[in-house]
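Everything in the sequence shown is counted per the working numbering, starting at 123 for the first residue and increasing by one. By construction, the Cβ of each residue, glycine as well, lies at the ideal position given by its N, Cα and C atoms. Predicted model, so just to flag it, every value in this text is computed and none were measured.
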Amino acid sequence: MVSRKRDNYRRLKRNIIILFLISFCFISLSAIIYSGYYFFFMENNTFVPAFDENKLNLIIEDEIINTSEEPKIMDGEILLPLSVIKEYIDPYIYWDNNLKKVTITTKDRVIRMKTGNLNAIVNNEEMLLNIPVIEENGVIYIPIEFLAEFYKIELQYIEDNNVIIIDHINTIIQIAEPIDANAVVRKGRSRKYPIIRKFDLEKDKPEDLKLRVFEEYKDWYKIRTAAGEIGFIEKKYVVLRKILVNSLPELEKDDGPWKPENGKINLVWDMMYSGRPDLSSIGKIEGLDVISPTWFQLANAEGKLINRADPVYVEWAHRNGYKVWALFSNDFNDIEMTEKFLNNTDYRENAIREILAYAALYKLDGINIDFENIYKKDKDALTQFVREITPLLKEQGLVVSIDVSVPDGSDTWSLCYDRKALGEVVDYVALMTYDQHWATSPKAGSVAEITWVEENVKKLLKEVPREKLLLGIPFYTRLWKEEVDEKGVVKVSSPKVFSMDAAKKYVQENNAELVWDEKSGQYYAEFSKDNCVYKIWLEDPVSVNLKSSLVHKYKLAGVASWQRGFVTSEVWNVLNKNLKVTGSFQEWKAENSHIQYASSD
Numbered sequence: 123m124v125s126r127k128r129d130n131y132r133r134l135k136r137n138i139i140i141l142f143l144i145s146f147c148f149i150s151l152s153a154i155i156y157s158g159y160y161f162f163f164m165e166n167n168t169f170v171p172a173f174d175e176n177k178l179n180l181i182i183e184d185e186i187i188n189t190s191e192e193p194k195i196m197d198g199e200i201l202l203p204l205s206v207i208k209e210y211i212d213p214y215i216y217w218d219n220n221l222k223k224v225t226i227t228t229k230d231r232v233i234r235m236k237t238g239n240l241n242a243i244v245n246n247e248e249m250l251l252n253i254p255v256i257e258e259n260g261v262i263y264i265p266i267e268f269l270a271e272f273y274k275i276e277l278q279y280i281e282d283n284n285v286i287i288i289d290h291i292n293t294i295i296q297i298a299e300p301i302d303a304n305a306v307v308r309k310g311r312s313r314k315y316p317i318i319r320k321f322d323l324e325k326d327k328p329e330d331l332k333l334r335v336f337e338e339y340k341d342w343y344k345i346r347t348a349a350g351e352i353g354f355i356e357k358k359y360v361v362l363r364k365i366l367v368n369s370l371p372e373l374e375k376d377d378g379p380w381k382p383e384n385g386k387i388n389l390v391w392d393m394m395y396s397g398r399p400d401l402s403s404i405g406k407i408e409g410l411d412v413i414s415p416t417w418f419q420l421a422n423a424e425g426k427l428i429n430r431a432d433p434v435y436v437e438w439a440h441r442n443g444y445k446v447w448a449l450f451s452n453d454f455n456d457i458e459m460t461e462k463f464l465n466n467t468d469y470r471e472n473a474i475r476e477i478l479a480y481a482a483l484y485k486l487d488g489i490n491i492d493f494e495n496i497y498k499k500d501k502d503a504l505t506q507f508v509r510e511i512t513p514l515l516k517e518q519g520l521v522v523s524i525d526v527s528v529p530d531g532s533d534t535w536s537l538c539y540d541r542k543a544l545g546e547v548v549d550y551v552a553l554m555t556y557d558q559h560w561a562t563s564p565k566a567g568s569v570a571e572i573t574w575v576e577e578n579v580k581k582l583l584k585e586v587p588r589e590k591l592l593l594g595i596p597f598y599t600r601l602w603k604e605e606v607d608e609k610g611v612v613k614v615s616s617p618k619v620f621s622m623d624a625a626k627k628y629v630q631e632n633n634a635e636l637v638w639d640e641k642s643g644q645y646y647a648e649f650s651k652d653n654c655v656y657k658i659w660l661e662d663p664v665s666v667n668l669k670s671s672l673v674h675k676y677k678l679a680g681v682a683s684w685q686r687g688f689v690t691s692e693v694w695n696v697l698n699k700n701l702k703v704t705g706s707f708q709e710w711k712a713e714n715s716h717i718q719y720a721s722s723d
């Protein structure tokens, strides 16, 4: 009996302990769940500062800019580090470390500022700065308020918060206001984030309650307060008041670059290195709009130019209704000189001053920039030069064009151009769709096969707008010679370059048979002489007919042809009809159905 009572007691004691442990676990679990619920779902009512209070803060639109190089306030002026401007405002701002000079280019302005100098140069006119560009501990600081108009930005300095705010002009601004006493600005889109701003609807000034809305989410807005704090506010606590357009005064309408009154642009380069041609023998060229004589060339790295310009030639051209876009080139044979020129601000400035003076003196209508054989590493320097010269040329009413090679090729011939950037700056880009097979090519072939030309047009249209693109057309033909040496190796050379008439005459003199080559879109001839094989692909009215048809097919701006001295009169008739008379590629194709058009659609 006693033993049974003892067992019952033990069982009761054990059950009590188990019940206690279960109760303890339940209470503990409830506490954990409650704490988790509180952590994840209850409001975070702690306040945190919106900015780093130990430094001058920079805000651009809705972003706090955190960089190792901070802005400065000097004598009441805002200065930004060059690195910040380059990353967030102007990727093309240019610093010449050797000359300690900053160059800024916009669509219509070129601004130059030198370290420690209060005189800035804007489109060759002096302007006085309140504070100069300064250099401290290797950091370049730019007086940004002077540039606000050029960059189309608006600046504020909020001294109470030690914050600089930059906004872009010509943007749509949405304004909201808090309407509930519970409205607060938080660090993130949830109530678990701390508060950076609480409003007092009765005491706050009306301007302090204006919130700029940047982004809209399901239940939240991303906003910036009048004091510059950036955060998130719940939609239910605010009301959208108005939409403003932060804009500049309306400017005169820009009608774009010059265009011919009729049809597409028909430009021809005129090679002039040894005096004026016999103008009386040229006559009127029907359908020609622009003639580009090769007049200006870099003489040295310092920006001195060779000038071959001729006022009589300009007068003749204008009398015949042609615009004169004088060609300005580097020295194709001196790549080192070009490198020195492009990488020196003062040298570029020297050349620009001379070009502007000559353009005014000779009453030119445009400048065609033709820089070739350039180091790939100088690609950005070339773009910078074009950005600097273009606004000043346009200020004088000149049309600006640049010549570029096809996208694929060698570093110094093809990869040295930023075609997209250049196309954004100039009025027209002339694509030099020739020499497909060049003078030292290891293989004989056409100067410009129609299929090759078309493929390169399509490539360039990915980078340059079609309304700016001029299709390059060669008026010359290469003769190819193939001979077998004593080891049985075929040696290929191009001993001669022919004009159209000379090429035709050469074929006839050698009794060679012309056959149509579908791939090149040209007539081809081949003959043997003195144990050598000669090959030639003719550029003639038929090949020009095919190439110029691409202008309509791809809706290009026109053509640019090299060069006037190589052409026959029949070609001018073809270009006049294709560019000035025929309305579309389909019309051309219908009228020329007898020609085997080899190019892809």
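| Asked | Found |
| --- | --- |
| Would you mind giving the Cβ-Cβ distance between Val527 and Asn490, rounded to the nearest angstrom? I have them listed as a contact below 8 Å. | It should be noted that the sequence gives Ser, not Val, for residue 527. 15 Å between Cβ atoms; not a contact. |
| Compute the Euclidean distance between the alpha carbons of Ile717 and Ile413, then round it to the nearest angstrom. | Reliability of the predicted coordinates at Ile717 is poor, the pLDDT of 49 falling under 50, and the value obtained from them is presented with this limitation in mind. Approximately 30 Å between the Cα atoms of the pair. |
| Relative to the C-alpha of Tyr539, which candidate in Arg234, Tyr556, Tyr497 has its C-alpha closest? | Tyr497 |
| Can you tell me which of the three DSSP states Leu701 falls into? | helix |
| What separation, rounded to the nearest whole angstrom, lies between the Cα atoms of Phe688 and Met622? | 6 Å |
| Would you say Leu331 and Ile266 are within 8 Å of each other, going by their C-beta atoms? | no |
| Report the three-state DSSP secondary structure of Leu537 (helix, strand or coil). | coil |
| Look at the Cβ atom of Lys314, then the Cβ atom of Asn176, and state whether they are nearer than 8 Å. | no |
| Provide the residue span of the beta strand (DSSP E) that contains Val436, from first to last. | Counting along the chain, Val436 falls outside any beta strand (DSSP E), though it belongs to the alpha helix (DSSP H) covering 433 to 441. |
| Applying the 10 Å Cβ sphere with the 16-neighbour rule, what's the burial state of Asn633? | exposed |
| For Glu571, which residues of its own chain have a beta-carbon under 7 Å away from its beta-carbon, when the five flanking residues on both sides are left out? | Gln558, Lys641, Ser642, Gly643 |
| Take Arg398 and list the residues in its own chain whose beta-carbon comes closer than 7 Å to its own, dropping the five residues that flank it on each side. | Asp432, Val434, Tyr435 |
| Quick check on this structure: which residue in Ile226, Arg509, Asn219 has the alpha carbon closest to the alpha carbon of Lys208? | Ile226 |
| Within 10 angstroms of the Cβ of Glu337, are there 16 or more other Cβ atoms? Answer buried if so, exposed if not. | exposed |
| Please confirm whether Ile186 and Ile352 have their CB atoms less than 8 Å apart. | yes |
| Taking the alpha-carbon positions, what's the Tyr159 to Ile317 distance? | With a pLDDT of only 48 at Tyr159, under 50, the local geometry of the prediction cannot be trusted, and no value is derived from it. |
| Would Val575 be called buried (16 or more neighbouring beta carbons within 10 Å of its own) or exposed? | buried |
| Report yes or no: do the segment 676 to 688 and the segment 606 to 618 share at least 3 C-beta pairs separated by less than 8 Å? | no |
| Leaving out five residues before and five after Met459 in sequence, what residues of the same chain have Cβ atoms less than 8 Å from its Cβ? | Leu420, Asn422, Ala423, Asn452, Asp453 |
| Using three-state DSSP, classify Leu204 as helix, strand or coil. | helix |
| What are the residues that DSSP puts in a beta bridge with Thr227? | Val232 |
| Are there three or more Cβ pairs, one per stretch, closer than 8 Å when the segment 333 to 349 is compared with the segment 189 to 196? | no |
| Go ahead and label Trp602 buried or exposed: buried means 16 or more other beta carbons lie within 10 angstroms of its beta carbon, across all protein chains shown. | buried |
| Using the three-state DSSP reduction, which class does Val629 fall into: helix, strand or coil? | helix |
| Between the C-alpha atoms of Val361 and Ala348, what's the straight-line distance to the nearest angstrom? | 16 Å |
| Kindly indicate the opening and closing residues of the alpha helix (DSSP H) around Phe418. | Element bounds for Phe418: not the alpha helix (DSSP H) but the beta strand (DSSP E), 412 to 420. |
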